[in-house]
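Since the structure comes first, as structure tokens, the remarks are kept for the end.
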Amino acid sequence: MARKKIALIGGGQIGGVLAQLCALRELGDVVMFDIVEGLPQGKMLDIAEVGSVDGFDCCLKGTNSYEDIAGADVVIVTAGLPRKPGMSRDDLIEVNSKIMTSVAEGIKAHAPNSFVIVISNPLDAMVTLCQKITGFPYNRVIGQAGVLDSARFKTFIAWELGVSVKDVNAMTLGGHGDDMVPLVRYASVNGIPVMELLEKKYKDKAKAKEIMDAMVKRTRGAGGEVVALLKTGSAFYSPASSAICMAESILKDQKRVLPTCAFLNGEFGVKGFYVGVPCVLGANGVEAILEFELDAEEQAMMDKSVAAVKELVGSMK
Ligand code: A3D
């Protein structure tokens, strides 16, 4: 049986970590495409040369030609500019739309049967554009945002409560912007509601709410917090790990339930837009969208987030 093949479009900061993670986890053979000559070739050579140290068997190839992505099972797109301090993700829309247009055409022509995971920002708009241009079915074109936003939320909860992050469960929904919806009601430590634990810790409901509000705010601004510290780009380790988790679920048919930027057809009251919701990811890409009742406050936050996504998508020329 042939090995799986993963194509990475964009060989920058995130692309490099994606390639290394694919190799370390032996997810399949990897080809990295970038328009800069030498960059993908150099990065892939660098990673390939530690196969004996890390103990992985896979072929790693860097390329400037789309022909090399032929036969890819999964394509992960990071081509595009990242934010600089003071920029919002939406400021990238004009330049990254042009890049995404050429990328999607390349994928359509050379990897027509692939599953595509988009990471380029502004995420919700770039996934929409990628699907439109490739014309691939919606279950095969998704975006990574929610796995990372949720992971950030979980991290802050774990730090606050002094527990292992492995025992924290929490999720964000909505668009990948400042209006994303961290779901406080469902945040738990091994099933114990986080709000209950905060109220026990502080013996004060108002204080517990204040602490949770601060974690929600930090989650919403977490990407910007990293950008402000790095000054030269945005987060790259964490988005790479998050996308690999989604790719692995598809490649290995794990059917993990992951917050995914997926096309909605009425779910959560949204029709015709890509928005972050919990999805079952397996061999058929998005195999199911797990819909559940939002309370009035959550629905209002979701509506606000979706309105921002609609405005963003509408602003694409
Ligand atoms: P960076 O290190 O600049 O890498 C981008 C790469 O894209 C560079 O190597 C470019 O040469 C390449 N590129 C540019 N144009 C093309 C093209 N037409 N075809 C192929 N490659 C091209 O950025 P990065 O890796 O840090 O970030 C990549 C993208 O991910 C940016 O848009 C970020 O804003 C975005 N990002 C998303 C998240 C999410 O969670 C959604 C998180 C962090 C960053």
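The opening position of the sequence shown corresponds to residue 59 in the numbering used here, with each subsequent residue numbered one higher. C-beta atoms are modelled at their ideal positions from N, C-alpha and C, and glycine is treated no differently.
- Item | Complete beta strand (DSSP E) runs within the region 73–121 (minimum length 3 residues, chain order) | 87–91 and 118–121
- In or out: Val205 buried (at least 16 other Cβ within 10 Å) or exposed? buried
- Query: Since Phe173 is in the beta strand (DSSP E), which residue starts that stretch and which ends it?
  - Reply: Residues Phe173 to Val176.
- Item | Proximity winner among Thr159, Ser222, Phe91 and Ile215, relative to Ile269 (alpha-carbon distances) | Ile215
- Message: According to DSSP, simplified to helix, strand and coil, what is Pro336?
- Response: Taken through DSSP and simplified to helix, strand or coil, Pro336 comes out as strand.
- Query: Assuming Lys101 contacts Ala65 under a Cβ cut-off of 8 Å, what Cβ separation, rounded to an integer in Å, is found between them?
  - Reply: Going by Cβ atoms, the distance from Lys101 to Ala65 rounds to 14 Å, so no, they are not a contact pair.
- Just the C-alpha distance for Gly235 and Gln202, rounded to the nearest angstrom, thanks. 13 Å
- Task: Taking 8 Å as the cut-off, decide whether the C-beta atoms of Val364 and Gly232 are in contact.
- Result: At a Cβ-Cβ threshold of 8 Å, Val364 and Gly232 count as neighbours.
- Message: In this structure, how does DSSP classify Glu351 when only helix, strand and coil are distinguished?
- Response: Glu351 falls in the coil class under three-state DSSP.
- Task: Please classify Ala298: is it buried, with 16 or more other beta-carbons within 10 angstroms of its beta-carbon, or exposed?
- Result: buried
- Item | Within the region 201–237, ranges of the beta strand (DSSP E) (whole runs, at least 3 residues) | none
- Task: Return yes when the Cβ of Pro336 is within less than 8 Å of the Cβ of Val441, no when it is not.
- Result: Residue 441 lies beyond the residue range present for the chain, which begins at 59 and ends at 375; the question has no answer from this structure.
- Inter-stretch contact at 8 Å, needing at least 3 Cβ pairs: the region 144–156 / the region 112–124: Put simply, the region 144–156 does not touch the region 112–124. Fewer than three CB pairs are less than 8 Å apart.
- Is Ser123 near the ligand A3D, judged by its Cβ being under 7 Å from some heavy atom? The ligand A3D never approaches Ser123 closely enough for any of its heavy atoms to be under 7 Å from the residue's Cβ.
- Task: Under the assumption that Leu85 contacts Leu339 (Cβ atoms under 8 Å), give the Cβ distance between them as a whole number of angstroms.
- Result: No, Leu85 and Leu339 are not in contact; Cβ-Cβ is about 14 Å, not under 8 Å.
- Task: Identify whether Ala320 lies in helix, strand or coil by the three-state DSSP scheme.
- Result: Three-state result, Ala320: strand.
- Item | Those residues which DSSP pairs with Leu181 across a bridge | Its beta-bridge partners do not exist; DSSP assigns none.
- Neighbour-count burial assignment, Ser123, 16 or more Cβ in a 10 Å radius: exposed
- Task: Drop a sphere of 10 angstroms on the beta-carbon of Phe91, count the other beta-carbons inside from all chains shown, and report buried for 16 or more, exposed for fewer.
- Result: buried
- Are three or more beta carbon pairs between the region 190–202 and the region 245–254 nearer than 8 Å? no
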